[in-house]
Amino acid sequence: MAHSRDSTRKKRTRRSGWWFDIFEEMDRMDRLMDEMMRKAVEMPKASEGPQPFVYGFSMSVGEDGKPVIREFGNVEPTSRGPLVKEEREPLVDVLQEGNEVIVVTELPGVEKEHIKLESTDRALKIAVESAKRRYFKELELPHLVDPRTAKATYKNGVLEVRFTKSDEKRPTRPIQVE
282 MAHSRDSTRK
292 KRTRRSGWWF
302 DIFEEMDRMD
312 RLMDEMMRKA
322 VEMPKASEGP
332 QPFVYGFSMS
342 VGEDGKPVIR
352 EFGNVEPTSR
362 GPLVKEEREP
372 LVDVLQEGNE
382 VIVVTELPGV
392 EKEHIKLEST
402 DRALKIAVES
412 AKRRYFKELE
422 LPHLVDPRTA
432 KATYKNGVLE
442 VRFTKSDEKR
452 PTRPIQVE
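Using this note's numbering, count along the sequence shown one by one with no gaps and you end on 459.
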């Protein structure tokens, strides 16, 4: 059975086109999950208790019509197998509405005082460090923005950061969460 599955994967990779990239990405995630589960059995437990595995992905269609797959969690693939990190990568969605770029991030279980945001004209860094949770995400924005226009709100575990699009480069700036 495993042999036929491998041959199916090989046949898919020979095809071209963006649609088949979805299948390749899903195969890659399937292999990562298999490896993560195998390693979970082999991993020694930490003295304070086991570190939970959090891994997932969201899939949407970009403005160009191609699929956008974003991973989240605390599992990072390495050449030696999955690595469980202390901080989690939150689930993030990036939207463009008119003259705005909107970043929506799920940060359950944290207080807004623990959220640290920093933006350049092309990227956003989200960091949370509290006694209960640690999150970290650095993402590239789909359009140049003016960091001075950033408005960040946090309610019910959801952080929303809104930027006005810009055509000029701007300096890095911290963002206050309201």
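We treat Cβ as the ideally placed atom computed from N, Cα and C, and that holds for glycine.
- Uninterrupted beta strand (DSSP E) stretches at least 3 residues long and entirely within the segment 350–413 occur at 362–370, 373–378, 381–387, 396–400, 404–410, given in chain order.
- If you look at Ser447, you'll find it isn't in any beta strand (DSSP E); DSSP assigns it neither H nor E.
- Partner residues in the beta bridge of Glu441, as assigned by DSSP, are Val385, Thr434.
- Considering only Val375, His424, Val409, the residue with the shortest C-alpha distance to Ser339 is Val375.
- Note on Ala431: 16 or more other CB atoms within 10 angstroms of its CB, so buried under the neighbour-count rule.
- Excluding residues up to 5 positions away in sequence, Pro428, Thr453 lie with their Cβ nearer than 7 angstroms to the Cβ of Thr401 in the same chain.
- According to DSSP, Arg415 shares a beta bridge with Glu410.
- Rounded to the nearest angstrom, the gap between the Cα atoms of Glu305 and Val365 is 23 angstroms.
- DSSP places Pro452 outside any beta strand (DSSP E), giving it a letter other than H or E.
- Here the C-alpha atom of Ala433 lies approximately 36 angstroms from the C-alpha atom of Asp308.
- Excluding five sequence positions before and after Lys320, the CB atoms of its chain that fall closer than 8 angstroms to its own CB belong to Gly362, Pro363, given in chain order.
- Here Lys436 is exposed, its C-beta having fewer than 16 other C-beta atoms within 10 Å.
- If you look at Gly346, you'll find it isn't in any beta strand (DSSP E); DSSP assigns it neither H nor E.
- With a cut-off of 8 angstroms on Cβ pairs, the segment 376–395 is in contact with the segment 439–446, counting three or more such pairs.
- Excluding five sequence positions before and after Pro389, the CB atoms of its chain that fall closer than 7 angstroms to its own CB belong to Gly438, given in chain order.
- Take the alpha-carbon of Glu367 and the one of Arg451: they are about 32 angstroms apart.
- Collapsing the DSSP output to three states places Leu420 in a strand.
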